[in-house]
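Shown next, in structure tokens, is the structure this report addresses.
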Amino acid sequence: MCLDHHQPPPSHVARRGVLATAMALAGASLLAGTAEAADRTPTPDRKAPGTGPAPSGGTLVIDGGTLLDPLTGEVTADSVVVIVDGTVRAAGSRDTTRRARAALRAGVSVVGAHGRWVLPGLVDAHIHINSLSEAGTALRQGATSVRSGSTTFYQDIAVRELARWAPDRAPRTRAAGLFVTPDLGDTILADPDLAPLARLKDGVRSSEALRRVVDVNLNRGADVIKTRVNDRAGLPDQDPLRQVYNRDQLATVVAAARRRGAGVLCHSYSEQGCRDAILAGIRSLEHGVFVAEDTLHEMRRRGTYFTPTLTAIAGLAESDDPVLAARGREFLPVLRQAVRAAHDMGVPLAAGTDSAGGQIDPIGGEVVLMHQAGLPALDAIRTATTAAARLTGLSGSAGRLAQGFRGDAVLLAGNPLEDITAVRTPSAVISNGVVVGT
Numbered sequence: 000m001c002l003d004h005h006q007p008p009p010s011h012v013a014r015r016g017v018l019a020t021a022m023a024l025a026g027a028s029l030l031a032g033t034a035e036a037a038d039r040t041p042t043p044d045r046k047a048p049g050t051g052p053a054p055s056g057g058t059l060v061i062d063g064g065t066l067l068d069p070l071t072g073e074v075t076a077d078s079v080v081v082i083v084d085g086t087v088r089a090a091g092s093r094d095t096t097r098r099a100r101a102a103l104r105a106g107v108s109v110v111g112a113h114g115r116w117v118l119p120g121l122v123d124a125h126i127h128i129n130s131l132s133e134a135g136t137a138l139r140q141g142a143t144s145v146r147s148g149s150t151t152f153y154q155d156i157a158v159r160e161l162a163r164w165a166p167d168r169a170p171r172t173r174a175a176g177l178f179v180t181p182d183l184g185d186t187i188l189a190d191p192d193l194a195p196l197a198r199l200k201d202g203v204r205s206s207e208a209l210r211r212v213v214d215v216n217l218n219r220g221a222d223v224i225k226t227r228v229n230d231r232a233g234l235p236d237q238d239p240l241r242q243v244y245n246r247d248q249l250a251t252v253v254a255a256a257r258r259r260g261a262g263v264l265c266h267s268y269s270e271q272g273c274r275d276a277i278l279a280g281i282r283s284l285e286h287g288v289f290v291a292e293d294t295l296h297e298m299r300r301r302g303t304y305f306t307p308t309l310t311a312i313a314g315l316a317e318s319d320d321p322v323l324a325a326r327g328r329e330f331l332p333v334l335r336q337a338v339r340a341a342h343d344m345g346v347p348l349a350a351g352t353d354s355a356g357g358q359i360d361p362i363g364g365e366v367v368l369m370h371q372a373g374l375p376a377l378d379a380i381r382t383a384t385t386a387a388a389r390l391t392g393l394s395g396s397a398g399r400l401a402q403g404f405r406g407d408a409v410l411l412a413g414n415p416l417e418d419i420t421a422v423r424t425p426s427a428v429i430s431n432g433v434v435v436g437t
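Letter by letter, the sequence shown follows residues 0 to 437 of numbering that gives the first Met the number 0.
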């Protein structure tokens, strides 16, 4: 996660080897082209060139559950959701879905949902997926779509392509590629085009160097760009309130990304760092523990998203390291207040776990923490559905179970509007019309 470093693959694995592995996993070459737009307009899934479209999704019926539409808050008892080739054909009462059901071929799979609640698949707007195991765990826990918070060797780009071909093995992914940070560390080995930066005494700080890392990411197929304004919270020898990039440097990153149609998410903690990041034009503020009230007002005015990653900060408080535990205990109540203030002001909030390093936390747990911070249950659910879908550019296909949306769903054993903890452990997950195995 953003809180600490990850171990890279063996040093002999160069960029071409990583990308070759990605192609083998996905059955397609990686796409290099335009990135996700930095506004709320949904963008289509990437298509691998020269291989034709990926296989269509599954066809099935989710029968008998209580359907919740996070957008409207409407609850439909004894509902039916009809998914054809990975797309919702109809969702609602038995009467409103009668025609869609009648058009189905005989023998279509039926997922019985009687006694359960049916929600759209959840969106984790900040996660670090570095392996197949982590991708599968995130998916099984209900995250059918994710936005990467960066990886060390473009693993998230490979996961994105894999998910197109095997939606039961990985969540649909918006990839961030490599972290735009002053010290690239071993990540400089991810791409030969980064090698010239090794000669820089001060690291990636000049406008030219910052633009190079952004361009290399986008050339390799990243959808979004991840950068930082403060040091890490999860390393006891670092001060997370120390600012590593100033506003002008952040603005350079934002401009380079926007020129290619990509938005920027920014790792932030300090009050000044948060403000500089917002004024530089980032798309979303990550962590943001000490964000000030005037900066929240500016976020509301600009439509900047807040992804507080409460899960990660709560995890610090439980650390065995006394420095990190003390830091987490200090930060968590401050962040809860910031989340509550942001919600009250109308700042858009998105749920993200900041999971990484083999420990993948359920996105439903972040929804629970949003509720505990003061959001009503429905609004907390929206942070991992409709709001996160807008942030990630998926508002036309994720966050709801409605006609034309992607067939992603989670089935819950209880009513999440009465007991929000039900979202932590889905009893079933459906991705692109395919039931995800346990």
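Yeah, the Cβ is synthetic: ideal placement off N, Cα and C, and Gly gets one too.
Beta-carbon proximity list for residue i, same chain, < 7 Å, skipping 5 on both sides
{"i": "residue 344", "result": "295, 296 and 299"}
{"i": "residue 39", "result": "In this prediction, residue 39 has a pLDDT of 33, which is less than 50 and means its spatial position is unreliable; what the coordinates show is noted afterwards. If we look at residue 39 and ignore the five residues flanking it on each side, its Cβ neighbours are 389 and 394."}
{"i": "residue 215", "result": "190, 192 and 193"}
{"i": "residue 292", "result": "340"}
{"i": "residue 379", "result": "366, 369, 370 and 419"}
{"i": "residue 166", "result": "56, 430, 431 and 433"}
Rounded distance between the beta-carbons of residue j and residue i, thought under 8 Å
{"i": "residue 429", "j": "residue 141", "result": "That belief does not hold up - the Cβ atoms of residue 429 and residue 141 are roughly 10 Å apart, past 8 Å."}
{"i": "residue 309", "j": "residue 342", "result": "That belief does not hold up - the Cβ atoms of residue 309 and residue 342 are roughly 13 Å apart, past 8 Å."}
{"i": "residue 199", "j": "residue 251", "result": "Incorrect: roughly 15 Å between the Cβ atoms, too far for contact."}
{"i": "residue 112", "j": "residue 147", "result": "No, residue 112 and residue 147 are not in contact; Cβ-Cβ is about 31 Å, not under 8 Å."}
{"i": "residue 68", "j": "residue 79", "result": "Not a contact, Cβ separation roughly 14 Å."}
{"i": "residue 232", "j": "residue 249", "result": "That pair is no contact at about 19 Å."}
Own chain residues within Cβ distance below 6 Å of residue i, not counting five before or after
{"i": "residue 55", "result": "84 and 85"}
{"i": "residue 256", "result": "213, 224 and 263"}
{"i": "residue 82", "result": "59, 406 and 432"}
{"i": "residue 244", "result": "228"}
{"i": "residue 186", "result": "151 and 177"}
{"i": "residue 171", "result": "144 and 162"}
{"i": "residue 420", "result": "367"}
{"i": "residue 364", "result": "310 and 423"}
{"i": "residue 24", "result": "The predicted model places residue 24 with a pLDDT of 36, which falls under 50 and marks its position as unreliable; any figure quoted below should be read in that light. Closer than 6 Å at Cβ, skipping near neighbours: 157 and 161."}
{"i": "residue 136", "result": "359"}
{"i": "residue 131", "result": "none"}
{"i": "residue 487", "result": "Past the boundaries of the shown model lies residue 487; the chain is included only from 0 to 437, so the question cannot be answered."}
{"i": "residue 337", "result": "290"}
Residue i burial status per 10 Å Cβ neighbour count (16 or more: buried)
{"i": "residue 106", "result": "exposed"}
{"i": "residue 119", "result": "buried"}
{"i": "residue 173", "result": "buried"}
{"i": "residue 101", "result": "exposed"}
{"i": "residue 127", "result": "buried"}
{"i": "residue 158", "result": "buried"}
{"i": "residue 320", "result": "exposed"}
{"i": "residue 241", "result": "exposed"}
{"i": "residue 274", "result": "buried"}
{"i": "residue 370", "result": "buried"}
{"i": "residue 74", "result": "exposed"}
{"i": "residue 109", "result": "exposed"}
{"i": "residue 333", "result": "exposed"}
{"i": "residue 133", "result": "buried"}
{"i": "residue 427", "result": "buried"}
{"i": "residue 207", "result": "exposed"}
{"i": "residue 285", "result": "buried"}
{"i": "residue 71", "result": "exposed"}
{"i": "residue 104", "result": "exposed"}
Test item: CB-CB of residue i and residue j under 7 Å
{"i": "residue 143", "j": "residue 407", "result": "yes"}
{"i": "residue 138", "j": "residue 435", "result": "yes"}
{"i": "residue 87", "j": "residue 404", "result": "yes"}
{"i": "residue 219", "j": "residue 304", "result": "no"}
{"i": "residue 122", "j": "residue 387", "result": "yes"}
{"i": "residue 316", "j": "residue 328", "result": "yes"}
{"i": "residue 382", "j": "residue 350", "result": "yes"}
{"i": "residue 335", "j": "residue 372", "result": "yes"}
{"i": "residue 283", "j": "residue 306", "result": "yes"}
{"i": "residue 453", "j": "residue 278", "result": "Because the chain here runs from 0 to 437, residue 453 falls outside it and cannot be looked at."}
Proximal residues to residue i (C-beta, below 8 Å), its chain only, five neighbours per side dropped
{"i": "residue 183", "result": "177, 193, 196, 202, 203 and 212"}
{"i": "residue 414", "result": "65, 116 and 421"}
{"i": "residue 402", "result": "87, 88, 89 and 90"}
Cross-strand partners of residue i (DSSP beta bridge)
{"i": "residue 431", "result": "Per DSSP, none; premise fails for residue 431."}
{"i": "residue 229", "result": "242"}
{"i": "residue 224", "result": "263"}
{"i": "residue 171", "result": "144"}
{"i": "residue 109", "result": "60"}
{"i": "residue 89", "result": "81"}
{"i": "residue 438", "result": "The structure shown does not extend to residue 438, since the chain is modelled only from 0 to 437, so the question has no answer here."}
{"i": "residue 304", "result": "283"}
{"i": "residue 74", "result": "67"}
{"i": "residue 121", "result": "142"}
{"i": "residue 355", "result": "358"}
Min CB distance residue i to chain D below 7 Å
{"i": "residue 394", "result": "Looking for chain D here will not work: only one protein chain is present."}
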